[in-house]
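Colleague:
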């Protein structure tokens, strides 16, 4: 176990060292977050009304609702993107086959490559929320940070399975990320990102209930905006963990199968 | 009787035809038709150096990649220290150092040292042991201050040396080198051969299987030479035995006679 943690740390510190060579990009992300937060603030000011606030599940301002929806969708985006982007970069740089001949196991290589991108996304979310709280009155004081952390972890696990499925697709077919296209497309309409799913027609609400994003956002808003404890988020949390329990092992099995196919076809390093 | 360091038995490898566009979707599921290796069998004893010699596309790299667990054979077996490369990949990798013959495969924005440390640690070297080995190999490969520069700023020859150092980091018992001196200048190549001969092979505990087009390199390093042509092993013997068998004066002549090539027809493909 300690060896695995040490190996995961190696991947994280590798990616951190690479990221440190792009310092300006790091600063630009902070500025970009300021503009993004400001945009949601002014959209909120433009559309907010007592009637709208009543329609929101946790009440409060539309700014807080939409900012949480936007930044946590970034988390899903990162989950769907991270695995296949790491894989593609490793393939293009020629490091993939050198990783695969080390004594480190495939699941550790896959998980290790995702740690830094997830940490960077968490940092980016923190910057958005910090700008929101500092300049635009985002109600950070209401948050229950323990449940926020648990929801983040459950979200990460649930979405990682989809990301690993994308990476498997990339191994075999070399281009494209259909899981990302589908999930982002679905979630922008039926995920509760910018409006509550309760306003959708029935058939779209059914689709939203099959989408892990809906549960992740429900739980995150409850924890962050209403300070809900575990009793307030157990249902969406259980669904997220169920998604994770099904998707993670099955996606790892599919990834191992896809890797085996590339070892048969000799296309591991092809792009 | 001691177990062979490398044992290849009736090895066959075929690939499905290359496809592009929408046909690429069916490629992973198509029947293999392109034969890369056919019925290859040989052994490499502990401490022995075996050279793979053959024209481009003969199947040398495919063979090395199967042994490195990067490809699965279609039939037959490839074993490293008794472990099957297809079924016991992790046990095989513990004993293996692999150099792919390319001058990439590093993180361009990390320094050479950071790269070596990363791969050394993934091969379960402790931090202290990794630093020690990096220092030893840096001296051996004359990497000097290059080690602390980002890989993207290094010449291809230096990256090649770095790649060879990576293959040797964890002191593997079996070394697989695909054209190890391809991007090296004449002096660096000579130094590397001398290093392999004196520091690695003379110890007698490391086996070497390498592919090369440079015949003087093959003559210097190899105890035996395997000649591969169109995926078939057509000879595997010592240099003197190959010359004797073909009544040839040089390895080049022996190669040409064994493969039935003439110097004119093989100008592009044959070893130098």
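Residue numbers (our numbering), protein chains in the order written: chain A, 86 to 356; chain W, 1374 to 1645. Each residue gets a CB set at the ideal place from its N, CA and C atoms; glycine is no exception.
1. Flag residue 185 (chain A) as yes if its beta-carbon sits less than 8 angstroms from any beta-carbon of chain B, otherwise no.
2. My parser needs the beta strand (DSSP E) runs of 3 or more residues fully inside the region 1561-1627 of chain W; what are they?
3. Just the chain A side, please: which residues come within less than 8 angstroms of residue 1597 (chain W) by C-beta, in chain order?
4. Can you give me, in chain order, the residues of the region 175-206 of chain A that have a beta carbon less than 8 angstroms from any beta carbon in chain W?
5. In chain order, which continuous runs of the alpha helix (DSSP H) of length 4 or greater are located wholly inside the region 1433-1477 of chain W?
6. How long is the line joining the alpha carbons of residue 1449 (chain W) and residue 1411 (chain W), rounded to whole angstroms?
7. What are the partner residues of residue 280 (chain A), as DSSP defines its beta bridges?
8. Which class does residue 1404 (chain W) belong to by DSSP, given the choice of helix, strand or coil?
9. Buried or exposed: residue 1488 (chain W), going by 16 or more other Cβ atoms within 10 Å of its Cβ?
10. Looking at chain A, which residues of the region 1470-1486 of chain W have a Cβ within less than 8 angstroms of any of its Cβ atoms?
11. Helix, strand or coil for residue 1640 (chain W), going by three-state DSSP, please let me know.
12. What residue range does the alpha helix (DSSP H) around residue 125 (chain A) cover?
13. Check whether the Cβ atoms of residue 1646 (chain W) and residue 1379 (chain W) sit closer than 8 angstroms, and answer yes or no.
14. Could you compute how far the alpha carbon of residue 186 (chain A) sits from the alpha carbon of residue 169 (chain A)?
15. Given residue 264 (chain A), which residues of its chain have a CB within under 8 angstroms of its CB, disregarding the five upstream and five downstream residues?
16. At what residues does the alpha helix (DSSP H) containing residue 1380 (chain W) begin and finish?
17. Counting contacts by CB-CB distance shorter than 8 angstroms, is residue 339 (chain A) in contact with chain W?
18. Can you confirm whether residue 1451 (chain W), when its beta carbon is compared against all beta carbons of chain A, has any partner nearer than 8 angstroms?
19. For residue 1551 (chain W), which beta-bridge partners are listed by DSSP?
20. Return the first residue and the last residue of the beta strand (DSSP E) that residue 1426 (chain W) is part of.
21. Shortest alpha-carbon distance to residue 310 (chain A) belongs to which of A:276, A:149, A:295 and A:338?
22. Identify each residue in the region 1504-1520 of chain W for which the Cβ-Cβ distance to at least one residue of chain A is less than 9 angstroms, and report them in chain order.
23. Tell me whether residue 286 (chain A) is buried or exposed, calling it buried when 16 or more other Cβ atoms sit within 10 Å of its Cβ.
24. Using the Cα positions of residue 1409 (chain W) and residue 1549 (chain W), report the straight-line distance between them to the nearest angstrom.
25. Judging by CA-CA distance, which residue of W:1406, W:1579 and W:1551 is the nearest neighbour of residue 1386 (chain W)?
26. Do you know offhand how far residue 1527 (chain W)'s Cα is from residue 1389 (chain W)'s?
27. So is residue 99 (chain A) in contact with chain W if we call contact Cβ pairs under 8 angstroms?
28. Taking Cβ-Cβ distances below 8 angstroms as the criterion, which residues of the region 1451-1468 of chain W are in contact with chain A?
29. Along the alpha helix (DSSP H) that carries residue 164 (chain A), what are the first and last residues, could you check?
30. May I have the straight-line CA-CA distance separating residue 1610 (chain W) from residue 1599 (chain W), to the nearest angstrom?
Modeller: Looking at the atomic coordinates:
1. No chain B is part of this structure, whose protein chains are labelled A and W.
2. 1580-1584, 1597-1602 and 1605-1610, all fully within the region 1561-1627 of chain W.
3. Position 224 of the second chain, counting from 1, holds the residue named residue 1597 (chain W). Simply none; closest approach about 25 angstroms.
4. If the cut-off is 8 angstroms between Cβ atoms, the region 175-206 of chain A has 178, 179, 180, 182, 183, 184, 185, 186, 187, 188, 189 and 190 near chain W.
5. Scanning the region 1433-1477 of chain W from its first residue to its last, the whole alpha helix (DSSP H) runs of 4-plus residues come out as 1433-1440 and 1462-1467.
6. Along the second chain, one-based indexing puts residue 1449 (chain W) at 76. Along the second chain, one-based indexing puts residue 1411 (chain W) at 38. Here the alpha carbons of residue 1411 (chain W) and residue 1449 (chain W) stand approximately 10 angstroms from one another.
7. Counted from its first residue, the first chain places residue 280 (chain A) at position 195. Within the DSSP secondary-structure output, residue 280 (chain A) pairs in no beta bridge.
8. Here residue 1404 (chain W) refers to the residue found at position 31 of the second chain. Three-state result, residue 1404 (chain W): coil.
9. If you number the second chain from 1, residue 1488 (chain W) lands on position 115. By the neighbour-count rule (16 or more Cβ atoms within 10 Å), residue 1488 (chain W) is buried.
10. Against chain A - using a Cβ distance shorter than 8 angstroms - the residues of the region 1470-1486 of chain W are 1471, 1473, 1475, 1477, 1478, 1479, 1480, 1481, 1482 and 1483.
11. Residue numbering aside, residue 1640 (chain W) sits at position 267 when the second chain is read from its first letter. Bear in mind that a pLDDT of 45 at residue 1640 (chain W), under 50, signals an unreliable position, so the number given afterwards is only what the model happens to contain. In the structure shown, residue 1640 (chain W) sits in coil (DSSP, three-state: anything other than H, G, I, E or B).
12. Counting from 1 along the first chain, the entry for residue 125 (chain A) is found at position 40. First-last of the alpha helix (DSSP H) with residue 125 (chain A): 108-132.
13. A query on residue 1646 (chain W) cannot be resolved here, the shown segment of chain W reaching from 1374 to 1645 and no further.
14. Mapped onto the first chain, residue 186 (chain A) falls at position 101. Mapped onto the first chain, residue 169 (chain A) falls at position 84. In a straight line, the C-alpha of residue 186 (chain A) is about 20 angstroms away from that of residue 169 (chain A).
15. Translated into the one-based positions of the first chain, residue 264 (chain A) becomes position 179. So the list reads 165, 247, 248, 250, 251 and 254, once near-sequence residues are dropped.
16. The sequence position of residue 1380 (chain W) within the second chain is 7, counting from 1. Unbroken run through residue 1380 (chain W) is the beta strand (DSSP E), 1379-1388; no alpha helix (DSSP H).
17. If you number the first chain from 1, residue 339 (chain A) lands on position 254. Between residue 339 (chain A) and chain W, the shortest Cβ-Cβ separation is not below 8 angstroms.
18. The residue given as residue 1451 (chain W) occupies position 78 in the second chain. Among the residues facing chain A, residue 1451 (chain W) is not included, as its CB has no counterpart in that chain under 8 angstroms away.
19. Position 178 of the second chain, counting from 1, holds the residue named residue 1551 (chain W). DSSP lists W:1584 as the beta-bridge partner residues of residue 1551 (chain W).
20. As a working mapping, residue 1426 (chain W) is identified with position 53 in the second chain. Element bounds for residue 1426 (chain W): 1422-1426.
21. The sequence position of residue 310 (chain A) within the first chain is 225, counting from 1. Answer by Cα proximity: A:149.
22. Cβ contacts with chain A come from no residue of the region 1504-1520 of chain W.
23. For this step, residue 286 (chain A) is matched to residue 201 along the first chain. Within 10 angstroms of the beta-carbon of residue 286 (chain A) lie fewer than 16 other beta-carbons, which makes it exposed.
24. By 1-based counting over the second chain, the position of residue 1409 (chain W) is 36. By 1-based counting over the second chain, the position of residue 1549 (chain W) is 176. If you take the alpha carbons of residue 1409 (chain W) and residue 1549 (chain W), they lie about 18 angstroms apart.
25. Within the second chain, numbered from 1, the residue matching residue 1386 (chain W) stands at position 13. Of W:1406, W:1579 and W:1551, the residue nearest in Cα terms is W:1406.
26. Taking the second chain and counting its residues from 1, one reaches residue 1527 (chain W) at position 154. Taking the second chain and counting its residues from 1, one reaches residue 1389 (chain W) at position 16. When only Cα atoms are considered, residue 1527 (chain W) and residue 1389 (chain W) end up about 37 angstroms apart.
27. Along the first chain, read from residue 1 onward, the residue named residue 99 (chain A) stands at position 14. Against chain W, the CB of residue 99 (chain A) has a partner CB under 8 angstroms away; the residue lies at that interface.
28. Shown in chain order are the members of the region 1451-1468 of chain W whose Cβ falls below 8 angstroms from a Cβ of chain A: 1463, 1466 and 1467.
29. To locate residue 164 (chain A), count along the first chain from 1; it is residue 79. Here the alpha helix (DSSP H) through residue 164 (chain A) covers 147-178.
30. Taking the first residue of the second chain as 1, we reach residue 1610 (chain W) at position 237. Taking the first residue of the second chain as 1, we reach residue 1599 (chain W) at position 226. Pairing residue 1610 (chain W) with residue 1599 (chain W), the inter-Cα distance amounts to about 7 angstroms.
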